[in-house]
Amino acid sequence: MIATGLDILLDNIGQYRQRNIGMIVNQTSVTADLCYSWDVLREKGLNIRRIFSPEHGLFATEQDQIAVGCQPVPGIELASLYGSSAETLIPDGSMLEDLDLILFDIQDVGSRYYTYVNTLALFMEAAAGRDLEIMVLDRPNPLGGAIVEGPLLDQAYRSFVGIFPVPVRHGMTPGELALLYRDWKKLDVRLTVLGMRGWRRDMRFPETGLPWVPPSPNMPSVETAAVYPGMCLFEGLNVSEGRGTTTPFQLFGAPFVRPDDLMEQCKGPGFEGLRMRPTWFRPTFHKFSGSVIGGIWLHVADHDRFRPFAAAVALTAALQKLYPDDLQFLGGIYEFNDTIPAFDLLAGNSAIRTSILDGCDAASLIASWETDERTFTETKKHYHLYQ
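Using my numbering, read the sequence shown as starting at 692 and increasing by one per residue.
What follows is the structure, given as structure tokens:
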């Protein structure tokens, strides 16, 4: 079993007993025997003054885009970093004045959309220029640290689902991302990364020996994380991404989808390493709640060949080709943004959506971000903490 940054901290606990500590954590901040970090650290004499909870809440009780209240933790003040407005994503300065150390310890899932590392980035900005150390207790990228996929974020599409200047699937750990962000933003922030012991870039999560704790309500398994860098795009479509089922993101569908017809379109570029089967399902909440809808279930057969973002873009193109009068790219408010379609915020540009609407084939779409992938593969090596 690998040792996480939390394990390394616990091995050197004595030097932190005089610090005034805040924590950015959720239920994934556990030891190897599944004890919550804040309990263990307090038992060992650390002064945990405040917990900052991210989207979904400390125990991942809230669905996506739902304002998080303060769930009680005996003896510790709890502050939410995900309320009802974009302003709540940044801590109030008064909450930092009595602290000199912030510990970040949350399991990420390896996708630019996932908001926990975005919370870290915004917190780093808030801490800039202060006498406040931010320490990332590093954890694995569950998809491994080698494969990069998708386009770089166009800064015109920066949002809470797109903070870092990275591709959709970045192949970095939270600690590595923090180092990159400090340099990119030229932040005057005291940043320390407690790296893992024993993790390699070619490791997927099952190889780490660590227990999987669902980091959010719709991330129940490592299998979900494997498809998420692509299937989260469907949050921007009038197509269910499987919320309201027990296997979100592993299946998708809509009332207008005829599974067998769609399966016939799902061949060629974008579908390598993936097996699919037609299915019908009834979401119990979210899109099409209570209705039986047709769709496809995704089975990853070869993780080395599978590219989730390419697969989701190819699936969107197939849906547009079959159902041009039914498929819609959603508008409205998405992660505090009401001016840019959700699909574009997630993709990091508008080019993919407009190309799909223009009938562009999947091979050309996938080729459009290959230069970004090559460029970032070289860039990120400067921040690698692991071989």
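Cβ coordinates follow ideal geometry from the N, Cα and C atoms, glycine included.
Assuming contact is defined by CB atoms lying nearer than 8 Å, are Gly-1037 and Val-852 in contact in what I supplied?
It should be noted that the sequence gives Leu, not Gly, for residue 1037. Yes, the Cβ-Cβ distance between Leu-1037 and Val-852 is below 8 Å.
Val-808 versus Ala-818, Phe-795, Ala-819, Gly-820, residue with shortest Cα-Cα distance
Checked all of Ala-818, Phe-795, Ala-819, Gly-820; the closest Cα to Val-808 is Phe-795.
Can you give the beta carbon distance from Ser-802 to Pro-920, rounded, assuming they're within the 8 Å contact cut?
For a cut-off of 8 Å, the C-beta gap from Ser-802 to Pro-920 is around 4 Å, short enough to register as a contact.
Using C-beta distances below 7 Å, list every residue in its chain close to Ser-907, excluding the 5 sequence neighbours before and after it, in chain order.
Answer for Ser-907: His-747, Ala-751, listed in chain order.
Should Gln-941 be counted as a contact of the ligand HEM given a C-beta to heavy atom distance under 7 Å?
Ligands displayed in this structure: none; no statement on the ligand HEM is therefore possible.
In chain order, what residues of the same chain lie with their CB nearer than 6 Å to the CB of Thr-719, ignoring the 5 residues before and after it?
Only Ile-797, Gln-798, Val-904, Pro-906 meet the Cβ criterion.
From what residue to what residue does the beta strand (DSSP E) around Thr-883 run?
That run of the beta strand (DSSP E) goes 881 to 885.
Where the beta strand (DSSP E) through Trp-875 begins and ends:
Taken as a continuous stretch (DSSP letters only), Trp-875 belongs to no beta strand (DSSP E), being part of the alpha helix (DSSP H) at 865 to 876.
Let me check understanding here. Comparing Cα to Cα, which of Leu-700, Arg-998, Gly-981, Arg-973 lies closest to Ile-987?
Arg-973 is the residue among Leu-700, Arg-998, Gly-981, Arg-973 whose C-alpha sits nearest the C-alpha of Ile-987.
Alpha carbon to alpha carbon, what distance is there between Leu-871 and Phe-943?
Just so you know, the alpha carbons of Phe-943 and Leu-871 end up roughly 34 Å apart.
Per DSSP, the bridge partner or partners of Ala-770:
In DSSP, Ala-770 forms a bridge with Phe-743.
Going by CA-CA distance only, name the one from Pro-902, Asn-832, Thr-1007, Tyr-727 that's closest to Ile-1043.
Nearest of Pro-902, Asn-832, Thr-1007, Tyr-727 to Ile-1043, Cα basis: Thr-1007.
What do you get for Ile-1024, buried or exposed, if any count of 16 or more other CB atoms within 10 angstroms of its CB means buried?
When all chains shown are included, Ile-1024 counts as exposed.
In the DSSP assignment, find the alpha helix (DSSP H) that holds Gly-921 and state where it starts and stops.
Start and end: 913 to 922.
Status (buried if at least 16 other CB within 10 Å, exposed otherwise) for Lys-978
Around the CB of Lys-978, 16 or more other CB atoms lie within 10 Å, so the residue is classed as buried.
Rounded Cβ spacing between Glu-839 and Phe-1000 (contact assumed at less than 8 Å):
The question names Glu, yet the displayed sequence has Val at residue 839. Not confirmed; about 10 Å, so no contact.
Between which two residues does the beta strand (DSSP E) containing Met-967 stretch?
Per DSSP, Met-967 is one residue of the beta strand (DSSP E) stretching across 965 to 972.
Have a look at Glu-914 and Ile-739 and give me their C-alpha separation to the nearest angstrom.
Separation of Glu-914 and Ile-739 (C-alpha to C-alpha, rounded to the nearest whole angstrom) is 34 Å.
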